[in-house]
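Below: the structure, in C-alpha cells.
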Amino acid sequence: MKVLKFGGTSVGSAENIRKVKEIVKSQSEDVIVVVSALGGITDKILNAAKMAILRTDYFSTELTEIRERHEDVVEQLFEGARKEEVKDQVSHLLDELERIIVGVSMIGELTDKTLDKIGGFGERLSSYIISEFIEGASWIDSSKLIKTDSSFGKAQVNFSLTNTLIKAALGELKGVCVAPGFVASNAEGEYTTLGRGGSDYTASIFAAALDVSVLEIWTDVDGFMTADPRVISKAYVIKSLSYAEAMELSHFGAKVIYPPTILPVYKKGIPTYIKNTTNPQEPGSLITSSLANGKDRPIKGISSISNISLITVQGLGMVGVTGISMRLFSALALQNINVILISQASSENSISIAVDTSKAGVAEQAIRSEFEREILNSRINKVEVESDLSIVAIVGENMKHATGIAGKLFNTIGKNGVNIIAIAQGASELNISWVVKNSDLRKTLNVVHESFFLSENVEVNVFLLGIGLVGGNLLNQIQQQQAKLLKENHLKIKLVGVANSRKMLLNRDGITIEGFKERLETEGQASGLQAYKDAIIDMNIYNSVFVDCTASNESPTVYADLLNANVSIVTANKVAASSDYDNYRNLKSIAQKKGVKFLFETNVGAGLPIINTLNDLVNSGDKIIKIEAVLSGTLNFIFNTISADVPLSKTIQMAKEEGFSEPDPRIDLSGIDVVRKLLILVRESGYKIEQGDVKINKFIPDEYFEGTIEDFWANISKVDADFEKRRQVLEADSKCWRFVAKYENGLAEVGLQEVAHGHPFHDLQGSNNLVMFTSERYNEFPMIIKGYGAGAAVTAAGVFADIIRVSNI
33 MKVLKFGGTS
43 VGSAENIRKV
53 KEIVKSQSED
63 VIVVVSALGG
73 ITDKILNAAK
83 MAILRTDYFS
93 TELTEIRERH
103 EDVVEQLFEG
113 ARKEEVKDQV
123 SHLLDELERI
133 IVGVSMIGEL
143 TDKTLDKIGG
153 FGERLSSYII
163 SEFIEGASWI
173 DSSKLIKTDS
183 SFGKAQVNFS
193 LTNTLIKAAL
203 GELKGVCVAP
213 GFVASNAEGE
223 YTTLGRGGSD
233 YTASIFAAAL
243 DVSVLEIWTD
253 VDGFMTADPR
263 VISKAYVIKS
273 LSYAEAMELS
283 HFGAKVIYPP
293 TILPVYKKGI
303 PTYIKNTTNP
313 QEPGSLITSS
323 LANGKDRPIK
333 GISSISNISL
343 ITVQGLGMVG
353 VTGISMRLFS
363 ALALQNINVI
373 LISQASSENS
383 ISIAVDTSKA
393 GVAEQAIRSE
403 FEREILNSRI
413 NKVEVESDLS
423 IVAIVGENMK
433 HATGIAGKLF
443 NTIGKNGVNI
453 IAIAQGASEL
463 NISWVVKNSD
473 LRKTLNVVHE
483 SFFLSENVEV
493 NVFLLGIGLV
503 GGNLLNQIQQ
513 QQAKLLKENH
523 LKIKLVGVAN
533 SRKMLLNRDG
543 ITIEGFKERL
553 ETEGQASGLQ
563 AYKDAIIDMN
573 IYNSVFVDCT
583 ASNESPTVYA
593 DLLNANVSIV
603 TANKVAASSD
613 YDNYRNLKSI
623 AQKKGVKFLF
633 ETNVGAGLPI
643 INTLNDLVNS
653 GDKIIKIEAV
663 LSGTLNFIFN
673 TISADVPLSK
683 TIQMAKEEGF
693 SEPDPRIDLS
703 GIDVVRKLLI
713 LVRESGYKIE
723 QGDVKINKFI
733 PDEYFEGTIE
743 DFWANISKVD
753 ADFEKRRQVL
763 EADSKCWRFV
773 AKYENGLAEV
783 GLQEVAHGHP
793 FHDLQGSNNL
803 VMFTSERYNE
813 FPMIIKGYGA
823 GAAVTAAGVF
833 ADIIRVSNI
C-alpha cells in the first residue's frame, strides 16, 4: 500500500487534476490519496471570514469566487448527469460554508473553533471532486479518523486513538481511497485542523498508521533543490537526503514539505519521495532514515528565511546568573512567538534571537517587561532590535565527517563582502546558520551554492569598461576560450556588464558576447562612469571583477569605491598604479583588506608576465637592486624601423597605424609612458617613488610637444635629417638606439641610449620589450623577461590572464 499526497498546485486546475488521475491510475498497488484544497482556496475562505467579522459585504465577493472556481473545475471534469450530481454536492458544501460565514458576520465574532471548522472546507471540496473523478475510488472523511485535543488552531494529535481508527477503516483497503488533508476532530467530533501545510501531515499520519511501503508527496517542483531556483538558476534536485536533513531544510525556508510531516514516517522508517505532478517522469528526491552516503557532498542544501529581526539582550549582569535564558524564552512563549535562531556569547553577557519581523515589536516588549528590574538596575544595558535581515542555513549530515566546512564557508562569504551578523551551529554539526542583511541574501546564496554545490566550476562575473581595440580583443578571446576554460579549468567567465563613454548594458544572467555592441546601442541605458560604478555596486554580484580597458584619467577614480564594495579590479590603464604614491598604496591596501584583487599586469609589457614575476621575487624574500628595461613597444618599433629609406616621422606614423602607440603618439615620444611603467616596477619592488623623482632625457625638442596634434604631424618631419645623420654614425659602429628605463641606488631615469652589439637590448625586434632584474639572488646573471610589449591582442591576452587570476581568490 502507498500513500500519495497532492498539494494545492497539483489540484489547482482541471488540467492538473487529470494529471493526478493519471498518476494514481498508474500505481500497481492499493493507494490512499490525500489532497489539499484547490490552490489558493483556503486563503480565500479565511479572508472571507476575516472580512465577515468586520460586518461588511465584501466577504460575499470572496464566496462567489470560491463557488465559481469549484463549479468551473466540475464543469471541465464531468459530463451529463454525473456533472449535475457532483455540482449538487459541491453546492451543498458551499452553502454550508456560506451559512457559517454569514453567521460570523451577524454576530461579529470569529473564534479559533470556527476558524478550524471553516478552514478545512477546501480539502473537503477538492477530495470529494477528485474521488468522483477517479473511477472506482472511494472517499473517506479524515476528520473522523484523525483525533486531536481541543486546542483549536494548534491541535495535537492523539496518535494512539488515531492509529486504531485508521487501521480499522483502511487496513483492508483494496483499490483507491481519497481523503481530505488538514482536517481532524476532537473527542466531541468538532472540527480541528493540523496547521497550515497540514495535508502533508495527514498523509504522513496515514502512512505511519498503516506501515505503507512508501509515502509520495506530489507538488510543483521536481524535489528538494540544493537552493531556491528562483534565486539560483543553477540549483538542482537533491537525489536523496535523510529525514534530519529534510527537516532542517524545511524549517529554514525550503517550502517543499511541511516540517511536522517527517516525524511519523521517520519513526516508522518509511521512505518518502518528493515528486512533481506536472513532471512525473522525474525521479524526485528520496527521504530515508539512512545517513547520507559518505561519497556525497558534505552539504546537501542551502535554504533561507527572509524578513526576520534579530533581538539582542546584553549586559554584564547576565554573566553567571542562572535562569536568564529560561525567563527569556518563557516570556516569548507566552506571546506565542517562535524563536527561529539562537546565538549566545560564551561569556554569557549577550544572547541574540531571531524572530519573524511581524512579531519583533511584541517580542521586544515581552522581553523588556520580563527584565524590567534588570534594565532599571543596568544589569541589562541593551535590548536591541535589528530588522531587514535574513537567515541562511546549510544542511548536511556529512558535515560532521568533513573538516574545514565552517572555515571555507565564512572565508568565501567574507571575501565577497558579506557581513555576517550572527552565527548558530548545533553540536550535531547538521546545520550551520547565520544572519545577513536582506540586501546581501542573493549574493550570499550564490556564493555558498557555487562554493559547495558547483565547486568544480568557478564563475567570474565581468563588468567591462571600454570596448575599443583592447576591450574588443578581450571579448573575442573570452568567447573563443570559454568552452575550453569550462571543460579543462572549470572556469566560467560571464560578461554581466559592458559600458562605453555613453551607455551601459547590464544583465545579472549574462550578456552574450556575440552582437553585444548592437545590444549596447539599442538596449543600453544612458550612463557615465559614476552611474556605471553605482550600478555595479547595487547589483551586488558575487565574484565580480571590474575590467578597465580604457586609457582614461577619470576611470581610476572609481577604483577605491569598487574595491571597498568587494569588486576586484583588472586594469590595462596605467593611471592608478602610476598616480600619487599614497593613492597607489591605498588601492593596494583596500584590496588586501577586502580580500579581492587589484591586478594591472598589462601596465608594463602588455601581455608579458613582468609584474607577476616581480611580485613572486619580492614576496619570496628577494631584494631588487637594479632595474634596466626597454618598456615602450612603440619606441622600440620606431628605432627598429628607422632606416635610410624610412625616416623618423614615417616610423612614428607607422607605429600609430599598427596600433602600437597611444592615440596621441607624443605620450610615447615624451617618455611619460615609460616613466609610468618604470614607476610601477619600482613601486612593486618595494620602493617609494613619485613621478617627479624620475629624470626624463628627451630625444625630441620640447617645441614639438606644444600645440595641437595636427601641429605635431605638420612639423615632426623637420627632425628627420638630423636623426638620419646620427643613425648613420650608429650603424657604422654596429650600434642602435634604445629608449631605456633604469633604476639603481634610489635614482630613476629614462632616455635614449646607444646600445652596442652584444648587449641584451641590441637584438630586440619589432615592438618587443625587455626587462632585466638584478637582485640579491639574480646578481651576476640578471633575470631577463623578453617578448611582445605592445599591441591590442597581446594586451588583451594579459588582461584575460589577470581575470583568470581573479578566479583564484
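Using our numbering, read the sequence shown as starting at 33 and increasing by one per residue.
Where is the CB? At the ideal position from N, CA and C, for every residue including glycine.
None of the values given here were measured: they were computed from a predicted structure.
Residue environment: F813 is assigned as exposed (fewer than 16 neighbouring CB atoms within 10 Å of its CB, all protein chains considered).
In this structure, the alpha-carbon of M686 lies about 39 Å from that of N521. Per DSSP, the beta-bridge partners of Y223 are S217.
Annotated three-state conformation of E690 is coil, per DSSP. With a 10 Å radius around the Cβ and a threshold of 16 neighbouring Cβ atoms, E546 comes out exposed. Excluding sequence positions up to five before and after A80, its CB lies within less than 6 Å of the CB of F91, E94, L95, I133, all in the same chain and listed in chain order.
In this structure, R540 keeps its C-beta atom at 8 Å or more from the C-beta atom of V263. In summary, R131 is exposed, with fewer than 16 beta-carbon neighbours lying within 10 Å of its beta-carbon over all protein chains present. Taking 8 Å as the upper bound for CB-CB distance, I412 and A363 are not in contact here, some 13 Å apart. Following the DSSP letters along the chain, one finds D420 inside the beta strand (DSSP E) bounded by residues 414-427. In the DSSP assignment, Y574 falls outside any alpha helix (DSSP H) and carries neither an H nor an E. Uninterrupted beta strand (DSSP E) stretches at least 3 residues long and entirely within the stretch 482-524 occur at 490-497, given in chain order. Comparing alpha carbon positions, the residue from A438, L242, E553 closest to I499 is E553.
DSSP places F805 inside the beta strand (DSSP E), whose first and last residues are 800-807. Counting along the chain, the unbroken beta strand (DSSP E) around Y820 starts and ends at 815-820. Fewer than three pairs of CB atoms, one per stretch, sit closer than 8 Å, so the stretch 291-298 makes no contact with the stretch 328-345. When the five nearest sequence neighbours on each side are left out, the beta carbons in the same chain lying within less than 6 Å of the beta carbon of T603 are those of D580, F632, in order along the chain.
Rounded to whole angstroms, the gap between the alpha carbons of L360 and L506 is 59 Å. In the three-state scheme derived from DSSP, where H, G and I count as helix and E and B as strand, D148 is classed as helix.
If only uninterrupted beta strand (DSSP E) runs of at least 3 residues are considered, those enclosed by the stretch 278-333 are 304-308, 317-320.
DSSP assignment within the stretch 355-420 yields the following whole alpha helix (DSSP H) runs of 4 residues or more, N-terminal first: 356-366, 392-402, 404-408. Taking I699 as the centre and dropping the five residues before and after it, the same chain places the C-beta of D705 closer than 6 Å to its C-beta, in chain order.
Just so you know, the alpha carbons of Y305 and D144 end up roughly 33 Å apart. Counting of Cβ neighbours within 10 angstroms places H124 among the exposed residues, the total staying below 16.
DSSP places L640 in no beta strand (DSSP E); its state is neither H nor E.
Counting C-beta atoms within 10 angstroms of its own C-beta, S422 has 16 or more neighbours from the protein chains shown and is therefore classed as buried. Between K626 and N668 a beta carbon distance of about 38 Å is seen, past the 8 Å cut, so the two are scored as non-contacting. Distances from the alpha-carbon of N489 to those of Q514, S382, L496, K115 put Q514 closest. Bridge partners of R101 according to DSSP: none are assigned.
Secondary structure of N747 (DSSP, three-state): helix. No residue range can be given for E204, since it is assigned to no alpha helix (DSSP H) and is classified by DSSP as neither H nor E. The C-beta separation of S341 from I270 comes to about 30 Å, leaving the pair out of contact by the 8 Å criterion. Ranking C768, V650, P697, E660 by CA distance to the CA of F671 puts C768 first.
The beta carbons of I289 and F238 sit no closer together than 8 Å.
DSSP places Q457 inside the beta strand (DSSP E), whose first and last residues are 454-457. Taking the Cα of S702 as reference, the smallest distance to any Cα among E738, I721, I543, G691 is reached at E738.
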